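Encoded as structure tokens, the structure appears first; notes follow it.
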Amino acid sequence: MRILVSWDNEPQIELLKMYLGMGDHAVVATANWDQFKMLVASPQTFDVILMASSYPDHDPAFELFEKILAMRPECPVVAACLQNEVYRIARFIESGLRSYVIRDDNCDFLFLVLAILEAAVKQVETERERLISAQLRKEVQSVRELQESIISKDIQTPEGFKIVAKYESSQIRVIGSKPVTMAGGDYYEAFTLPDHRIVLLVGDASGHGMKACMSIFTMHTLIRMIRFDEYLDAALLVQHINEHLCKQSVVSGAGGFITMLYGVFDPSTRELLWASAGHQMPILHNLETDEISEIANADDSSGLPIGLFELGGYVNNRTIIPPNSRLLLYTDGLIEAFPGNSRGDHAEFGISGLQHTMRNNRTKPAQECLDRLFADSYAFTQGSGRHDDTSVLILESV
233 MRILVSWDNE
243 PQIELLKMYL
253 GMGDHAVVAT
263 ANWDQFKMLV
273 ASPQTFDVIL
283 MASSYPDHDP
293 AFELFEKILA
303 MRPECPVVAA
313 CLQNEVYRIA
323 RFIESGLRSY
333 VIRDDNCDFL
343 FLVLAILEAA
353 VKQVETERER
363 LISAQLRKEV
373 QSVRELQESI
383 ISKDIQTPEG
393 FKIVAKYESS
403 QIRVIGSKPV
413 TMAGGDYYEA
423 FTLPDHRIVL
433 LVGDASGHGM
443 KACMSIFTMH
453 TLIRMIRFDE
463 YLDAALLVQH
473 INEHLCKQSV
483 VSGAGGFITM
493 LYGVFDPSTR
503 ELLWASAGHQ
513 MPILHNLETD
523 EISEIANADD
533 SSGLPIGLFE
543 LGGYVNNRTI
553 IPPNSRLLLY
563 TDGLIEAFPG
573 NSRGDHAEFG
583 ISGLQHTMRN
593 NRTKPAQECL
603 DRLFADSYAF
613 TQGSGRHDDT
623 SVLILESV
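Going letter by letter, the sequence shown gives residues 233 to 630 in my numbering.
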């Protein structure tokens, strides 16, 4: 800590230097008023300033104090006043004085000065961190709004089918407050092609925060630039996206990647043509028999996550969606929900929790089933908030 001192008692300056110089603190102290003003105006950096409130007199000291606040707004000022002049400190406090110390005749105040200066510096640092935190929250909120603007809403589906979807960002818990929602790296898409086939897509960028969110936004922009005929071959489209994103540092930099499941559903044949880039396998729920299973084996049906290597080994898979069934596409945040106070090994909501909720809501509307999946997985965290972004898309065949 670098300390600048203006004092009116030359013999006490050496004592001040001794007490304030403990540890790694650097002290610049002077009893020369002109020199003090020069030091204040100099480019030297100081963490805190200690000044006698009556030197050379009360009014000049106050005038310079106000100039210090204007020239060095980031530097806290602490005043030292005589016992019979405490009342004069009021205007200093009203103008922004951080703290003050009362100078007693026995000089016992010297034992307190360093602690008071350190407390003033700590207070400023805390306020600065609070301002930075508030600014970061605003920026995160802006990114979240950008992300939410690209997520499909009011999804239109042909007669006999229904699509519902939902996304929630990860959260962090700040001591003494509710969980804070973060910008995330999940993404889902559902839209109808000119030939009435339906594109279904769920993606999950590695990591959290700004980078993950921008990775997803880059992928969304690329997908929306693709020609109609390129949508129809799932494996080819995933390979096309992978080749482009491997060249984008926002995705592949620092080992980043995106898992994705892309499918094209033909309502006339009930066939889903799909390809996976390291993503969780979709789950098919037969509402008549209550049977729930993954539609394929990931080892045989999935290629590498997007952004790792230009040749990802993507293959086309075909699945028939029978009447009276639900197809669930999701990201791992749903099944990896866990209590925040867990240490070491911990239980997760898991596939078992997912299946339990789906079975308990199989007679209810798809939207209600979707809402319960989010509610139950969140409840599993015991109020600690989501540790990962979560997206779920349900295609219901009636």
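In this text, a Cβ means the ideal position worked out from N, Cα and C, and glycines have one as well. Computed from a predicted structure; not experimentally measured.
Return the first residue and the last residue of the alpha helix (DSSP H) that residue i is part of.
{"i": "residue 476", "result": "466-477"}
{"i": "residue 424", "result": "Taken as a continuous stretch (DSSP letters only), residue 424 belongs to no alpha helix (DSSP H), being part of the beta strand (DSSP E) at 418-424."}
{"i": "residue 452", "result": "441-456"}
{"i": "residue 242", "result": "242-252"}
{"i": "residue 348", "result": "342-381"}
{"i": "residue 263", "result": "From DSSP, residue 263 is part of no alpha helix (DSSP H); its letter is neither H nor E."}
{"i": "residue 530", "result": "530-533"}
Expressed to the nearest angstrom, what Euclidean distance is found between the alpha-carbon atoms of residue i and residue j?
{"i": "residue 494", "j": "residue 279", "result": "56 Å"}
{"i": "residue 300", "j": "residue 306", "result": "10 Å"}
{"i": "residue 333", "j": "residue 267", "result": "23 Å"}
{"i": "residue 407", "j": "residue 571", "result": "The pLDDT assigned to residue 407 is 48, lower than 50, so where the model puts this residue is not dependable; a value taken from the coordinates is nonetheless given after this. Computed Cα separation, rounded: 16 Å."}
{"i": "residue 371", "j": "residue 292", "result": "43 Å"}
{"i": "residue 587", "j": "residue 492", "result": "22 Å"}
{"i": "residue 585", "j": "residue 627", "result": "20 Å"}
{"i": "residue 613", "j": "residue 470", "result": "34 Å"}
{"i": "residue 416", "j": "residue 427", "result": "33 Å"}
{"i": "residue 555", "j": "residue 393", "result": "9 Å"}
{"i": "residue 316", "j": "residue 367", "result": "44 Å"}
{"i": "residue 539", "j": "residue 525", "result": "29 Å"}
{"i": "residue 310", "j": "residue 364", "result": "24 Å"}
{"i": "residue 548", "j": "residue 617", "result": "37 Å"}
{"i": "residue 297", "j": "residue 375", "result": "41 Å"}
{"i": "residue 265", "j": "residue 287", "result": "8 Å"}
{"i": "residue 603", "j": "residue 325", "result": "54 Å"}
{"i": "residue 508", "j": "residue 360", "result": "46 Å"}
{"i": "residue 601", "j": "residue 399", "result": "14 Å"}
{"i": "residue 501", "j": "residue 561", "result": "20 Å"}
{"i": "residue 319", "j": "residue 337", "result": "18 Å"}
{"i": "residue 442", "j": "residue 456", "result": "21 Å"}
Tell me the residue span of the beta strand (DSSP E) that contains residue i.
{"i": "residue 622", "result": "622-629"}
{"i": "residue 335", "result": "331-335"}
{"i": "residue 234", "result": "234-238"}
{"i": "residue 519", "result": "Taken as a continuous stretch (DSSP letters only), residue 519 belongs to no beta strand (DSSP E), as it is neither H nor E."}
{"i": "residue 312", "result": "309-314"}
{"i": "residue 284", "result": "280-284"}
{"i": "residue 436", "result": "430-437"}
Report the three-state DSSP secondary structure of residue i (helix, strand or coil).
{"i": "residue 598", "result": "helix"}
{"i": "residue 387", "result": "coil"}
{"i": "residue 484", "result": "helix"}
{"i": "residue 546", "result": "coil"}
{"i": "residue 513", "result": "coil"}
{"i": "residue 304", "result": "coil"}
{"i": "residue 566", "result": "coil"}
{"i": "residue 407", "result": "Since pLDDT at residue 407 reaches only 48, below the 50 mark, its modelled position is unreliable, and no value is offered."}
{"i": "residue 319", "result": "helix"}
{"i": "residue 393", "result": "strand"}
{"i": "residue 558", "result": "strand"}
{"i": "residue 491", "result": "strand"}
{"i": "residue 581", "result": "coil"}
{"i": "residue 541", "result": "coil"}
{"i": "residue 296", "result": "helix"}
{"i": "residue 327", "result": "helix"}
{"i": "residue 256", "result": "coil"}
{"i": "residue 427", "result": "coil"}
{"i": "residue 619", "result": "coil"}
{"i": "residue 287", "result": "coil"}
Starting from the C-beta of residue i, find all residues in its chain whose C-beta is less than 7 Å away, skip the five residues before and the five after it, and write them out in chain order.
{"i": "residue 425", "result": "431, 460 and 463"}
{"i": "residue 245", "result": "239, 261 and 263"}
{"i": "residue 519", "result": "556, 557, 558 and 594"}
{"i": "residue 396", "result": "598, 599, 602 and 626"}
{"i": "residue 243", "result": "none"}
{"i": "residue 620", "result": "402, 564, 565 and 568"}
Can you say whether residue i is buried or exposed, counting buried as having 16 or more other CB atoms within 10 angstroms of its CB?
{"i": "residue 241", "result": "exposed"}
{"i": "residue 552", "result": "exposed"}
{"i": "residue 578", "result": "exposed"}
{"i": "residue 537", "result": "buried"}
{"i": "residue 512", "result": "buried"}
{"i": "residue 544", "result": "buried"}
{"i": "residue 250", "result": "exposed"}
{"i": "residue 388", "result": "exposed"}
{"i": "residue 344", "result": "exposed"}
With a threshold of 6 Å on Cβ separation, who are the neighbours of residue i within its own chain once the five nearest residues in sequence on each side are excluded?
{"i": "residue 356", "result": "308"}
{"i": "residue 611", "result": "none"}
{"i": "residue 609", "result": "566, 569 and 581"}
Give every residue of the same chain whose Cβ lies closer than 8 Å to the Cβ of residue i, excluding the five residues on either side of it in the sequence, and list them in chain order.
{"i": "residue 481", "result": "none"}
{"i": "residue 253", "result": "259"}
Closer than 7 Å to a non-hydrogen atom of the ligand SAH - does that hold for the CB of residue i?
{"i": "residue 607", "result": "Among the components of this structure there are no ligands whatsoever, and the ligand SAH is therefore not found."}
Quick check on residue i - is its C-beta less than 8 Å from some C-beta in chain C?
{"i": "residue 424", "result": "Chain labels in this structure do not include chain C; a single protein chain is all it has."}
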